Structures are given as C-alpha cells and as structure tokens.
Amino acid sequence: MQAVLILAHKNIDQVIELSKRLSTSFNVYVHLDKKTTITTSQEKKIKKVTAYFISKYNVKWGSYSIVKATIDLIKIALRNKENTYFHLISGQDWPIKSPEEIYNFFEKTDKIFMNYWLATSMKKTGEPEIWWTKYYFNYDTINRRTTFGKIYHRFLLLIQTLFRINKLKKYNLTDDYIYAGQEWVDVPRDALKYAIEYYEKHKELEYIFSTSFCSDEMWLQTVLCNSKFKSRIDKDIHRYIEMVEKHGSRPAILDEVDYPKIQKGYYWWGRKFERPISNKLIMLLDQHK
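Mapping of the sequence shown onto UniProt numbering: residues 1 to 289, in sequence order.
Structure below.
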C-alpha cells in the first residue's frame, strides 16, 4: 500500500471529497488545522470516509507548527508497515492523474521526488533564504501575515543582520548544510523512515528549525540532501503549480484556463484547487482520466 498525507486548513467539504477519492487506492491521513470550524454535517461525512483524521495543531503560516503536523502524520503512517510510499499534499491539491494511475507509477520506483536547492543560492521576497534558518524567529506566537507581523519580521532581519547572528555556528554547521525546496514530496518508506529517525535523534536540528522561518520547506530537504539518499532524488516533482497571483491567491487558484497547459505536461498533482472556482477544471480532468 501507499499513503497520502494531507495538510488541510480550509474548505473542509473539498478535503473530505479529496480524501474519499484518494482512499480508493491509498491509505489516507489528514491533519486538519485545529482552528478550523467543522460543522456537525461535516463530522458525519468525515466518519464515513476511509481515512485517518487528526486535528492537533493550530497551524500558522511560516511557523514550526507545520513541521510538527507533518511529522505527526508521517509517524502515524509509518506505523502501518504495509505503507511503502508516502505522498505529502495539501488540502488544496487535486490528483491530475487518476488515483490508480498515480499508485501504479510509484509501485515501480524507489526514487524520491523532491525539489531542492542550497538555501544560500535562493532569495525570496528579496531575502536570502539562508537568513530564515540562521536567524531566530517565533512565528508560532506571532502571526507573520498581519501588518504587525510584517513589520516585526523586518525588524528581526535588521537587528540580526547588524549583530551577525548565526545560530548554525553553535552546532558547527556551515551555511551550505541547509537545503530548501517545496514542501510537497513523494518519498519511499526507507528514505522517510531514515529522515524521521535522524531528525529525532539529532536534537540540534529540531532546535534550529523550530526557531526558523518556513522550516517546512527546509527540514526534510536538509536531512535527505546530507545523506546517502541524495543520489535517489529526482527534482522533477510532477506537480502543476502556477506561481502567479490569480483569484486572490498566490500560488494561483487553478481554473479551466489552466487545462490546456496541464494536458501538455506530465503531472500527478496540481494546486491550488478551490471549489467553485475550480469546478470546470475538475470536471475536465475527470473526463480524461
């Protein structure tokens, strides 16, 4: 068997539909953001889905709570020794191929599908990504997306740059030790089991990433890219994502206009999907599966 791990924070009916669809081929594990409101009707629907739902963490954007929710899902899924491959997606993802076709592909490979780069090589919003790990952040308590959070973030960068803060030095780690990439990955059991065991054994990593910004995009890349598993990584993650502003969201919420571009590529998953905006696109995809 294979497992799909879903991190969800909104659109519960869509998450239920996604879980139901994937459960025809996969064992499905879902973490619902603790602050998400679930109606009585939705609770009844959840009970009818063949999936494992938990709601443990109040997840905040850019904070370590995302890593904690991810690791909890991974550990739960690893308990089932029949799970041989693990797919991490968001509640706003949708399968581009049929669940059966995705499943069959991964039955024949031991590759890790995860994009990565050295954190020193990338800037995001004008900030060297390595700063997000070298410096100290506390976005489990501060909402980074508020006006105050944005000002606070700039203040932290300014002060820590002036004082040349580098918490990596505390553990004799160089900047080139830190890798980053997209959070959404497809990983075989041996690599994921190694990553969890290594991460939990090396408490310095937990300390580093629990005081970092956007560590959900760094912790797994850092562990696996500094291991023997690096040679098995394929950086093409076969996910259709439009990194533009559309329908009030970046990445874009996909609609039927994206269908021709999706058809020209080879994708397993797409994001972001959001009903009703994505209704026509989902219908088109279903017609050609």
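Backbone N, C-alpha and C define an ideal beta-carbon position, used for all residues, glycine too.
Just so we're clear, the structure is a prediction, and the values are computed from it rather than from any experiment.
Item to check | Contact set for histidine 87: own chain, Cβ-Cβ below 6 Å, skip 5 residues either direction | outcome: Taken in chain order, the residues that qualify are Val4 and Asp186.
Next on the checklist: Taking 7 Å as the limit between beta carbons, can you name the residues of its chain near aspartate 140, skipping five residues before and five after?
Outcome noted: Same-chain partners within the cutoff: Lys60, Ser63, Tyr64 and Ser65.
Item to check | Proximity winner among Ile282, Lys235, Phe273 and His247, relative to phenylalanine 113 (alpha-carbon distances) | outcome: Taking only the C-alpha atoms, the option nearest phenylalanine 113 is Lys235.
Item to check | Assigned secondary structure, asparagine 80 (DSSP; H/G/I helix, E/B strand, else coil) | outcome: Correct three-state label for asparagine 80: coil.
Checklist entry - Taking the alpha-carbon positions, what's the lysine 20 to phenylalanine 53 distance? => result Rounded to whole angstroms, lysine 20 and phenylalanine 53 show a C-alpha spacing of 12 Å.
Item to check | Euclidean distance between Cα positions of isoleucine 89 and lysine 170 | outcome: Spanning the two alpha carbons is a distance of roughly 34 Å.
Item to check | Cβ distance (whole Å) where leucine 73 is taken to contact tyrosine 103 below 8 Å | outcome: In this structure leucine 73 does not touch tyrosine 103 by the C-beta definition: roughly 19 Å separates them, more than the 8 Å allowed.
Item to check | Beta-bridge partners of proline 188, as assigned by DSSP | outcome: DSSP output for proline 188 lists Tyr85 as bridge partner(s).
Checklist entry - Counting along the chain, where does the beta strand (DSSP E) carrying tryptophan 268 start and finish? => result Unbroken run through tryptophan 268: none, as it is neither H nor E.
Checklist entry - Around the C-beta of tyrosine 135, are 16 or more other C-beta atoms found within 10 angstroms, so that it is buried, or is it exposed? => result Around the C-beta of tyrosine 135, 16 or more other C-beta atoms lie within 10 Å, and the residue is accordingly described as buried.
Item to check | Three-state secondary structure (DSSP) of asparagine 27 | outcome: If DSSP states are grouped into helix, strand and coil, asparagine 27 belongs with the strands.
Item to check | Beta-carbon proximity check, isoleucine 262 vs isoleucine 96, cutoff 8 Å | outcome: Yes, they are a contact pair.
Item to check | Three-state secondary structure (DSSP) of valine 223 | outcome: In the three-state scheme derived from DSSP, where H, G and I count as helix and E and B as strand, valine 223 is classed as helix.
Item to check | Of the listed residues Thr211, Asp176, Lys289 and Tyr207, nearest to asparagine 138 (C-alpha basis) | outcome: Here the closest residue by C-alpha is Thr211.
Next on the checklist: Using CA atoms only, rank isn't needed, just tell me which of Glu204, Tyr179, Leu78 and Thr37 is closest to methionine 218.
Outcome noted: Of the candidates Glu204, Tyr179, Leu78 and Thr37, the one whose C-alpha sits nearest the C-alpha of methionine 218 is Tyr179.
Checklist entry - Does the region 140 to 154 come within contact of the region 189 to 206, defined as at least 3 CB pairs closer than 8 Å? => result The region 140 to 154, when compared against the region 189 to 206, does not touch it at the 8 Å Cβ threshold.
Item to check | tyrosine 103 - DSSP class collapsed to helix/strand/coil | outcome: Of the three classes helix, strand and coil, the one that applies to tyrosine 103 here is helix, per DSSP.
Checklist entry - Which runs of the alpha helix (DSSP H), 4 residues or longer, sit entirely within the region 91 to 170? => result Listed in chain order, the alpha helix (DSSP H) elements of length 4 or more contained wholly in the region 91 to 170 are 99 to 106, 131 to 134 and 147 to 162.
Item to check | Of the residues Gln14, Leu168, Tyr57 and Glu127, the one placed nearest valine 49, counting alpha carbons only | outcome: Taking only the C-alpha atoms, the option nearest valine 49 is Gln14.
Next on the checklist: For the ligand GDP, is there any heavy atom lying closer than 7 Å to the beta carbon of leucine 88?
Outcome noted: Absence of the ligand GDP is noted for the structure shown, with no ligands found whatsoever.
Item to check | Cβ separation of alanine 51 and serine 23, assumed to be a contact under 8 Å, to the nearest whole Å | outcome: About 5 Å separates the two Cβ atoms, so the contact holds.
Item to check | Cut-off 6 Å between Cβ atoms - residues of its own chain near proline 188, not counting five sequence neighbours on either side | outcome: The residues are Tyr85 and Asp110.
Checklist entry - CA-CA distance, isoleucine 76 and glycine 149? => result For isoleucine 76 and glycine 149, the distance between alpha carbons rounds to 33 Å.
Checklist entry - What are the start and end residues of the alpha helix (DSSP H) that includes isoleucine 46? => result 40 to 48 is the span of the alpha helix (DSSP H), which, as asked, contains isoleucine 46.
Item to check | Separation of valine 244 from phenylalanine 163, as counted between CA atoms | outcome: Rounded to the nearest whole angstrom, the C-alpha separation of phenylalanine 163 and valine 244 is 35 Å.
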